[in-house]
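Heads up: the structure comes next, in structure tokens.
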Amino acid sequence: MTCEEAKTRMTDYWSRTLGEAGETEFNAHLASCETCRSEVSRVGALWQGLDLLPLEEPSGKVRDRFYEMLGAYRQGLAAAEARPAKRWWTIPAWQMAAAAGLVAVGLGIGYGVRGNGPLFGGAPAEVSQLREEVANMRQLVALSLMQQQSASDRLRGVSWAYRAEPSDREVLGALVSAVNHDANVNVRLAAVDALRRFSASPETGRAALQSLSKQTTPIVQVALIDLLVDLKDPQAAPELRRLSGNETANEGVRQKAQWALERLQ
Amino acid sequence: MAEVSAGKVARLAVLFERYHRPLFRYFVSMNGNREQAEDLVQEVFFRMLRYRTSYDPAQSFTAWMYQIARNAGVDQVRKRGTAQVVDIDTFVDRRAELVSASPGPEESVSRGQDLALLRRAMDQLPEDKREILVLSRFQGMKHEDIAEVLGCEVGTVKVRVYRAIRALEQIYFTLEKEKAS
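Quick note, the sequences are listed as chains A and B, same order. Numbering-wise (this note's numbering), the first sequence opens with residue 1 and increments by one. Numbering-wise (this note's numbering), the second sequence opens with residue 1001 and increments by one.
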């Protein structure tokens, strides 16, 4: 073994991955080479010393965020798998329809070549499937981003919520959670605005009302009052009345609550 | 991972429990930022799900995972726009921020070595050398897997690991002399 060869095997020697024969050969070289022996001893101590450097530990949030993300992903997959597995073209009725359709396609091509009309109408089942997959992906992206530690990422997650289906309860839940618990006021404000996307759901009004009673930041309170007015939620009146009469509340918020009460009456 | 790839996505939890700490330490070693490292761990597992069908069971899982990790690190630098050059060199150049000003009690002299000094030496190591040392020494990866991650020959990995530890030694002794003088 040459000194050059020994150098490339030193890390294996320190890690004890040379194997018995390799180690014997390496030791034989060390016995005959003072330079390599000295280097193995000196640099090897440093190699072993790296073991003593303290190990960084992640916070518990990493685990929470992972399982939330995994849960959302599995939910999306389950929804996708709930679709009929059978392909439309394998169903006899569709096969017959397809045969008849070929004639229509021929005619359609004729029209298409001559004019600007669409050649094919598309397969509704596949379009629907594709649409659902896109919706699942949008949901996943929105939920995943809203779990990020960085506020700018969470803001991006909120903006993705606008692309979710208005009936998506998962995203609605994540937005409500952001309004109630996010540490960053900009994220809370953006989430309040995004709730409008889900205005058809009765849960939106209820969540906005509950959140209003918890919020302490005036700007978020004002945004929630605006939302309740837009939702035309009559059940908001008692809370708005309480807020407008609360002397410890911010003056602007009290005025806004009074204004909202008049609008809702 | 083969099971995850086949559709049993819940099995990813097993991989998470096994690898999220090593991944976190890899990212902290590379960019020195705990918060970003946690984001990146999340991103790596997200990408594993997203690209799970691209996993080849014949390939080393560790190598595949660290390829994703490296890409995620590079992408994060690009996304944050905090670097002028968007490549792995920039990604790993953040480690210096983690240098502690004063050593903790656990970093007292041990085995004749000053661990605080050793950490500083690691931080000053050029990024490519630091990365290969982190992968081989802290992540316990085989040379074959590192070669797959870095896209080079196993022999090249061995030489580069050797050069990295020698470079570390030189920095360490330079710092030691500075401290003594």
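Virtual Cβ for every residue (Gly too), placed ideally from N, Cα, C.
Cβ-based burial, residue i [other Cβ within 10 Å; buried from 16]
i	result
Glu-1148 of chain B	buried
Leu-55 of chain A	exposed
Leu-1117 of chain B	buried
Thr-24 of chain A	exposed
Lys-232 of chain A	exposed
Pro-1126 of chain B	exposed
Leu-1040 of chain B	buried
Gly-245 of chain A	exposed
Ser-59 of chain A	exposed
Cys-36 of chain A	buried
Asp-1182 of chain B	Absent from the structure is residue 1182 of chain B, since the part of chain B shown begins at 1001 and ends at 1181.
Contact with chain A by residue i, beta-carbon distance below 8 Å
i	result
Gln-1042 of chain B	yes
Arg-1166 of chain B	yes
Val-973 of chain B	The question about residue 973 of chain B has no answer here: the residues shown for chain B are numbered 1001 through 1181.
Val-1159 of chain B	yes
Val-1028 of chain B	yes
Arg-1025 of chain B	yes
Phe-1016 of chain B	yes
Three-state secondary structure assigned by DSSP to residue i
i	result
Glu-247 of chain A	coil
Ala-223 of chain A	helix
Ser-150 of chain A	coil
Leu-240 of chain A	helix
Pro-1103 of chain B	Note on Pro-1103 of chain B: pLDDT 36, under 50, position unreliable in the model; the coordinate value appears next. Looking at Pro-1103 of chain B - three-state DSSP - the assignment turns out to be coil, as it is neither helix nor strand.
Leu-1023 of chain B	helix
Thr-1062 of chain B	helix
Thr-2 of chain A	coil
Glu-165 of chain A	coil
Minimum Cβ-Cβ distance from residue i to chain B less than 8 Å
i	result
Arg-154 of chain A	no
Arg-74 of chain A	yes
Ser-59 of chain A	yes
Trp-47 of chain A	yes
Ser-211 of chain A	no
Glu-23 of chain A	no
Val-62 of chain A	yes
Glu-170 of chain A	no
Met-1 of chain A	no
Lys-7 of chain A	yes
Leu-243 of chain A	no
Spatially closest choice to residue i from the options, by CA coordinates
i	options	result
Asp-12 of chain A	B:Leu-1012, B:Gln-1067 and B:Val-1159	B:Val-1159
Gln-148 of chain A	A:Gln-210, A:Leu-46, A:Thr-24 and A:Asp-182	A:Asp-182
Ala-151 of chain A	A:Ala-178, A:Gly-245, A:Tyr-73 and A:Val-43	A:Ala-178
Ser-159 of chain A	A:Asn-180, A:Arg-188 and A:Glu-132	A:Arg-188
Gln-210 of chain A	A:Phe-198, A:Asp-193, A:Leu-240 and A:Leu-18	A:Leu-240
Leu-155 of chain A	A:Ala-142, A:Ser-167 and A:Ala-164	A:Ala-142
Arg-63 of chain A	B:Leu-1012, B:Tyr-1026 and B:Arg-1050	B:Leu-1012
Gly-1140 of chain B	B:Val-1161, B:Ile-1068, B:Asp-1128 and B:Gly-1155	B:Val-1161
Ser-41 of chain A	B:Ile-1165, B:Val-1154 and B:Arg-1050	B:Ile-1165
Per-residue contacts from residue i into chain A (C-beta, under 9 Å)
i	result
Ala-1010 of chain B	Leu-70 and Arg-74
Phe-1045 of chain B	Phe-66, Met-69 and Leu-70
Arg-1137 of chain B	Thr-11, Ser-15, Trp-47, Leu-50 and Asp-51
Arg-1120 of chain B	Going along chain A, no residue has its Cβ under 9 Å from Arg-1120 of chain B, so there is no contact; the nearest lies around 11 Å.
Cross-chain neighbours of residue i in chain A, by beta carbon under 8 Å
i	result
Glu-1169 of chain B	Arg-42, Val-43 and Leu-46
Leu-1125 of chain B	Per Cβ cutoff of 8 Å: no residues; Leu-1125 of chain B is ~11 Å from chain A at best.
Tyr-1162 of chain B	Lys-7, Thr-8, Met-10 and Thr-11
Glu-1035 of chain B	Gln-149 and Ser-150
Partners in chain B for residue i, counting only beta-carbon separations shorter than 7 Å
i	result
Gln-139 of chain A	The premise fails here: Gln-139 of chain A is roughly 14 Å from chain B at the closest Cβ pair, so nothing lies under 7 Å.
Leu-55 of chain A	Arg-1025
Within chain B, partners of residue i - CB distance below 8 Å
i	result
Gln-148 of chain A	Asp-1039 and Gln-1042
Interface residues of chain B facing residue i [CB-CB closer than 9 Å]
i	result
Ala-159 of chain A	What sits at residue 159 of chain A in the sequence shown is Ser, not Ala. Residues of chain B passing the Cβ test: none, with the nearest at roughly 15 Å.
Any chain C beta carbon closer than 8 Å to residue i
i	result
Ser-144 of chain A	Among the protein chains of the structure shown, namely A and B, there is no chain C.
Chain-ordered neighbours of residue i on chain A, where CB pairs are closer than 7 Å
i	result
Tyr-1172 of chain B	Leu-46
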